[in-house]
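Shown next, in structure tokens, is the structure this report addresses.
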Amino acid sequence: MFFYLRNLRRRYFENNKAYRYFAYASGEVLLVVIGILIALQVNNWNENKKETQLVTNALQEIFENLKVDTTNLNIFYQQCADDETAQNRVIRAITERTPWNDQIEADLGRVMLARNLVSVRNGYDLLKDIGIAKVKDNELRSSLVSYYDLAIPKVYQENKDDYFEFEQVFLPYAREHFEDWLFGKKGIPLDYGELQQDHYFLVSLKFNLTNKKNTANAGWDALEAAKRCLRQLEENLKVH
């Protein structure tokens, strides 16, 4: 029996029939494998292209958001710095017993204020949904995280302290001791001479200066961080 099978196999090989069959079958398998690999490669390329476009779109939106933020932060910082200057003038006017004048009236409208700031972060939230790790530029990725997750929250925290003092300390005082007060515009005390001798008011202003400086500094740091992101984004988007 074995002898018969060996002879049969030998005859098939001799006639090249088996060889041709295996060669054809192997070719078919190879073509299928190559087709699958090409399809997978094309699919991966399409997915990568789609993902790259999504990231680019998010970065473009962040770029537009940051242009708005830099404008708002610039205004916010300048207001905070001017408020600090005005409050220092009021402290000097009280301690030096400066006579009442229009500048003091204007400055009293700016003491212990809390300024509002809104950061636009639609693009950054979109990027986080996509996956911030997909931003290939390490420096840009680090700058974006530093700005949105560190610098802006720092401004909000400092501003929260300002709101607390404004609402819990100054407003109750102003309701009792001021004849008129307009946010950021003017403050008219019931008795300016009495105000100059009010130790509680003077100490409150001095304590509050630390908050004002911290808020202004946080605003400046965030502004610089936003500008850095804009520069890096501009270069990154040119590549794409």
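Using the working numbering, the letters of the sequence shown correspond one by one to residues 168 to 407.
Just so it is clear, CB atoms sit at the ideal spot from N, CA and C, and this is done for glycine as well.
Source: prediction; values computed, not measured.
Return the residue from the list the options that minimises the CA-CA distance to residue i.
| i | options | result |
| --- | --- | --- |
| I261 | D249, D250, L275 | L275 |
| R398 | A225, K234, N224, Q220 | K234 |
| D110 | T237, N289, W348, F230 | Residue 110 lies beyond the stretch modelled for the chain, which goes from 168 to 407, so this question has no answer here. |
| K379 | D292, F350, E251, I271 | E251 |
| F230 | H344, R288, E272 | R288 |
| D249 | L362, V285, N384 | N384 |
| T426 | L293, S310, K327, E334 | Residue 426 lies beyond the stretch modelled for the chain, which goes from 168 to 407, so this question has no answer here. |
| Y291 | D347, I201, K301 | K301 |
| A225 | V285, I299, Q270 | I299 |
Please return the same chain residues whose Cβ sits closer than 6 Å to the Cβ of residue i, not counting the five positions on each side in sequence.
| i | result |
| --- | --- |
| N375 | M279, E332 |
| N381 | E325 |
| D329 | A281, N378, T382 |
| S371 | V336 |
| I258 | L372 |
Quick one: grab the DSSP three-state call for residue i.
| i | result |
| --- | --- |
| A339 | In the sequence on display, residue 339 carries Pro and not Ala. Of the three classes helix, strand and coil, the one that applies to P339 here is helix, per DSSP. |
| G276 | coil |
| E391 | helix |
| F350 | coil |
Excluding five sequence neighbours on each side, which residues of the same chain lie with their C-beta closer than 7 Å to the C-beta of residue i?
| i | result |
| --- | --- |
| G386 | L240, F243, Y244, C247, V322 |
| L349 | G276 |
| A318 | D388, A389, A392 |
Looking at the C-beta of residue i, does it have a partner C-beta in chain B at a distance below 9 Å?
| i | result |
| --- | --- |
| N375 | Annotation note: the requested chain B is absent from the structure, which comprises a single protein chain. |
So, at 8 Å on beta carbons, what are the nonlocal neighbours of residue i in its own chain, with the 5 sequence-adjacent residues on each side left out?
| i | result |
| --- | --- |
| L362 | I261, H344, P356, F368 |
Starting from the N-terminal side, write out each stretch of the alpha helix (DSSP H) that is 4 residues or longer and does not extend beyond the segment 271-329.
289-297, 305-313
Indicate whether the contact test is met: 3 or more Cβ pairs, each with one atom in the segment 251-267 and one in the segment 330-349, closer than 8 Å.
no
Under 8 Å: do the segment 347-360 and the segment 299-308 share three or more Cβ pairs, one atom per stretch?
no
Segments of 3+ residues assigned as beta strand (DSSP E) that fall wholly inside the segment 212-267
none
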